[in-house]
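FYI, the numbering for the sequence shown is 16 to 326, going by the working numbering. Backbone N, C-alpha and C define an ideal beta-carbon position, used for all residues, glycine too. In this text, all values refer to a predicted model and were calculated from it rather than measured experimentally. Data block below; observations after.
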Amino acid sequence: MSGVISGFTVIFIVVGVGYLLGRTHVIGDHAHEVLSRLVFFVFTPALLFHSLVTTDLSVVFSSTLVIAGGSAMLMGVIYLVIAKLWLRRPVPELVIGALSSSYVNSVNLGLPIAIFVLDDASFIAPLLLFQIVIYSPMALLALDLTALERDTGRSLVRDSLIAPITNPIVVGGIAGLVVSVLGLMPPAAVMSPLKMLGDASVPAALLAFGLSLTGVQVFKKGESPRRDIALATVLKMVVMPLTVYAIARWGFGQTGEELFAMVVIAALPTAQNVLVYATRYRRGQILARDTALITTLASIPAIAVIALLLA
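As structure tokens, then:
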């Protein structure tokens, strides 16, 4: 339990610093957008490349990858179907909502909890790889094709082929995976600056999240898409952990520490990266912001209950 408290304390302190910076306007009125763009175009691609190059892929490709990745994808699909039929949202908002309901905070909260609570950081690696190599590219491709203006006369097929190779996060993740599979190790002169830039991704994303909370009221009537947020939150914090428990327990026969770890990971909140994506494409920002905040607060008692029942 002390690991849970420690992980969330780190989160709240850095987010609080971002909020104070926003309230005092120390770094300007457009700091949130500038910082989000830095995270999207520089810090996160560097983090993904460095992480994948230095990760043992034999640990990643396991049943954990199937359970964690499959459940995340399932939550996203459920959100898409319900939000399309019930709320009738356009595609970009559907994509941001699907990510909000399933994209796990696997780095800045997942890693501390994996280390302090589960005593093994490798539990989070499969989900991290799935989100980097499969989930993010799919979502970003959909956003590239539907949220950005397209030149008249350009075909959808051409844009579909070009979009992945022009998205820095997708390029960073795929390049890191290729280098890792080939067994190559870039020289220290290359890896060291990438690590420095990558290390800035988590705190910068948290600071940007804190900045986004300045002068806003979460779940505000008439401004916040309450039904979308409620749907994403319920899927993320209730349905996803229960689904993972059922799949891991009865589908793969997991018990004890493995089962506990899988359910704890599923109960992690929505990643702040979703807000970074929403800010980049200027769609669904309030949905991403409010869902991230609410699920972060809700995950504290959720993980505590899981620990009491399964630890």
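Using alpha carbons as the reference points, say which of Ile-82, Leu-209, Asn-120, Thr-69 lies closest to Trp-265. Here residue 265 corresponds to residue number 250 of the sequence shown, with the count starting at 1. For the residues Ile-82, Leu-209, Asn-120, Thr-69, the minimum Cα distance to Trp-265 belongs to Ile-82.
Considering only C-alpha positions, which residue in the set Asn-120, Leu-246, Leu-163 is nearest to Ser-314? If you number the sequence shown from 1, residue 314 lands on position 299. The option with the nearest alpha carbon to Ser-314 is Asn-120.
Round the Cβ separation of Gly-33 and Leu-221 to the nearest angstrom and send it over; I've been treating them as touching at under 8 Å. Mapped onto the sequence shown, residue 33 falls at position 18. Mapped onto the sequence shown, residue 221 falls at position 206. Their Cβ separation, rounded to whole angstroms, is 6 Å, which keeps Gly-33 and Leu-221 in contact under 8 Å.
What are the residues that DSSP puts in a beta bridge with Val-119? Translated into positions along the sequence shown, residue 119 becomes position 104. In the DSSP output, where bridge partners are listed per residue, Val-119 has Thr-285.
Take Gly-268 as the anchor and find which of Ala-98, Val-54, Ser-78 has the nearest alpha-carbon. Walking along the sequence shown from the start, residue 268 turns up at place 253. Among Ala-98, Val-54, Ser-78, the Cα nearest to that of Gly-268 is on Ser-78.
Where the alpha helix (DSSP H) through Gln-300 begins and ends: Your numbering for residue 300 matches position 285 in the sequence shown. It spans 300-325 - the alpha helix (DSSP H) in which Gln-300 sits, taken as one unbroken run.
For Thr-70 and Ser-195, which I take to be in contact (beta-carbon distance under 8 Å), what is that distance rounded to the nearest angstrom? On the sequence shown, residue 70 is found 55 positions in, with the first residue counted as 1. On the sequence shown, residue 195 is found 180 positions in, with the first residue counted as 1. The pair is a contact, with the Cβ atoms about 7 Å apart (cut-off 8 Å).
I'd like the list of long-range same chain contacts for Ala-321, defined as Cβ closer than 8 Å, with 5 residues on each side in sequence excluded. Taking the first residue of the sequence shown as 1, we reach residue 321 at position 306. Note that residue 321 is Ile in the sequence shown here, rather than Ala. If we look at Ile-321 and ignore the five residues flanking it on each side, its Cβ neighbours are Pro-256, Phe-275, Val-278, Val-279, Ala-282.
Element boundaries [alpha helix (DSSP H), containing Val-217]: Position 202 of the sequence shown, counted from the start, is the residue given in the question as residue 217. First-last of the alpha helix (DSSP H) with Val-217: 216-227.
Inter-residue Cα distance where the pair is Leu-114 and Gly-91: Taking the first residue of the sequence shown as position 1, residue 114 is located at position 99. Taking the first residue of the sequence shown as position 1, residue 91 is located at position 76. So the two alpha carbons sit approximately 6 Å from each other.
Please confirm if the region 297-316 is in contact with the region 55-69, defined as three or more CB-CB distances below 8 Å between the two stretches. No: fewer than three Cβ pairs fall under 8 Å.
Where the alpha helix (DSSP H) containing Leu-67 begins and where it ends: Position 52 of the sequence shown, counted from the first residue, corresponds to residue 67. Here the alpha helix (DSSP H) through Leu-67 covers 59-68.
Same chain, Cβ closer than 7 Å to Val-54, five either side skipped, listed in chain order: Translated into the one-based positions of the sequence shown, residue 54 becomes position 39. Correct list, in chain order: Ser-216, Ala-219, Ala-220, Ala-223, Val-291.
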